[in-house]
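So for the sequence shown, my numbering puts the first residue at 2; every next one is plus one.
Ideal placement from N, C-alpha and C gives every residue a C-beta, glycine not left out.
Being a predicted model, the structure only gives us computed values, none of them experimental.
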Amino acid sequence: MTPVNPLAAGAAGRFVTVEGIDGAGKSSHIAALADWARARGVEVVLAREPGGTPLAEKLRGLFLHEPMDALTEALLVFAARRDHLRSVIEPALARGALVLCDRFTDSTFAYQGAGRGFDGAVLAQLEGWVQQGRQPDLTLWFDVDPAIAAQRRAAARDADRLEREDEAFFARVRGGYASRAQAAPARFARIDSSQPLDAVRADAIDALASRGWYRV
Ligand code: Z5A
């Protein structure tokens with residue numbers, strides 16, 4: 002299909018990640034972001050981590066359900082990430098697509114680093130090996146108080162291994178995101194996810210639109 006968007010035609014691919022504590026609501030808005038971009042003639046590739054390839058989905062199943070320590074968690078998510086980058090993300094970006102990825106390496110720093118207390122310097126080394134300099138162009142951080150997120154999770158579904166962690170864990174994870182955002186303010190857009198769904202969605206689309214990559 003010929004792109005209808007002059008800004009998309011021949012444009013570099015864009016890598017956009019969505020992040021936040023469990024129940025922040027990020028997954029609720031990915032389809033709307035994809036629809037917004039597709040309406041502008043942009044090829045959109047939806048991805049999630051850990052996962053996104055047959056191998057990475059197998060690692061995801063182990064990660065979410067088997068007991069393990071923080072180093073094993075980190076090694077598994079970076080192994081899955083390596084396969085995902087090689088097989089899906091890098092080829093899509095090379096084609097000029099918009100890759101919308103539900104979680105990426107900020108999750109590792111927030112959950113394994115801040116949440117579990119695992120050494121950030123080791124995570125940074127793994128990040129360098131696995132990503133070879135690849136970073137998201139934009140990270141939408143859906144930020145919400147852990148107590149609100151816990152109520153949403155309880156209403157929505159059965160908890161997996163990480164979702165059974167207590168509020169103090171999610172407060173540390175939230176702090177981990179805040180540190181990542183402070184360290185890379187040009188990449189991060191904080192979305193106040195305590196608002197009603199429609200307002201959160203509008204803010205998320207504004208954050209993507211305001212980058213000027215695509216026709217508004
Ligand atoms: N993890 C990690 O530890 N390290 C890593 O490197 C990576 C991941 C990559 C993946 O889980 C797990 O892996 C995750 C981190 C860890 N922890 N856990 N568990 P996942 O991908 O299966 O799930 P998730 O990303 O944590 O959750 P989710 O299902 O995608 O949830 P969400 O995006 O945060 O929320 P939601 O599903 O969009 O919304 C939850 C409910 O709240 C739902 O009923 C909504 O209708 C409702 N909601 C959402 N927004 C609102 C507003 N604004 N008002 C009212 N209600 C709302």
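One or two residues paired with residue i in a DSSP bridge
i: Leu139; result: Val17
i: Val46; result: Val100
i: Asp193; result: Asp144
Neighbourhood of residue i by C-beta, 8 Å cutoff - its chain only, sequence neighbours within 5 removed
i: Ala151; result: Gly24, Glu168, Phe171
i: Gln132; result: Arg82, Leu86, Thr106
i: Ala208; result: Leu139, Leu141, Ala190, Ile192
i: Leu76; result: Leu127
i: Arg165; result: none
7 Å CB neighbourhood of residue i in its chain, flanking five on each side removed
i: Gly177; result: Phe110, Ala111, Gly114, Ala115, Gly116
i: Ala57; result: Pro51, Ala81, Asp84, His85
i: Thr54; result: Asp84, His85, Ser88, Val89
i: Ala182; result: Trp142, Phe189, Arg191
i: Ala282; result: For residue 282 there is no data in the structure shown, the boundaries of the chain being 2 and 217.
i: Val174; result: Ile22, Ala111, Tyr112, Ala115, Gly116
i: Leu34; result: Leu101, Ala205, Ile206, Leu209
i: Met2; result: Low confidence applies to Met2: its pLDDT is 41, below 50, so where it sits in the model is not reliable enough to give any reading.
i: Arg212; result: Leu139
i: Asp146; result: Ser195
i: Lys59; result: none
i: Leu47; result: Ile31, Ala35, Leu101
i: Ala203; result: none
i: Arg162; result: Leu65, His66
Residues near residue i by beta carbon distance below 6 Å, same chain, minus five either side
i: Glu74; result: Gln113
i: Leu99; result: Arg15, Ala38, Val43, Val45
i: Arg153; result: Gly24
i: Ala71; result: Gln113, Arg117, Phe119
i: Thr18; result: Cys102, Phe105, Pro137, Thr140
i: Leu160; result: According to the sequence displayed, residue 160 carries Ala and not Leu. Nothing meets the Cβ criterion.
Under 8 Å, with one C-beta from each stretch per pair, do the stretch 137-157 and the stretch 22-36 reach the 3-pair mark?
Touching, per the Cβ criterion.
Is there contact between the stretch 123-130 and the stretch 188-201, where contact requires at least three CB pairs shorter than 8 Å?
Three or more beta-carbon pairs separated by less than 8 Å are not found between the stretch 123-130 and the stretch 188-201, which leaves the two stretches without contact.
Should the stretch 86-95 be called in touch with the stretch 64-72, which here means at least 3 C-beta pairs below 8 Å?
Touching, no, given that fewer than three Cβ pairs across the two stretches are closer than 8 Å.
For the stretch 63-134, list the alpha helix (DSSP H) runs that are entirely contained and at least 4 residues long, ordered along the chain.
Listed in chain order, the complete alpha helix (DSSP H) runs (minimum 4 residues) inside the stretch 63-134 are 71-85, 91-96, 121-132.
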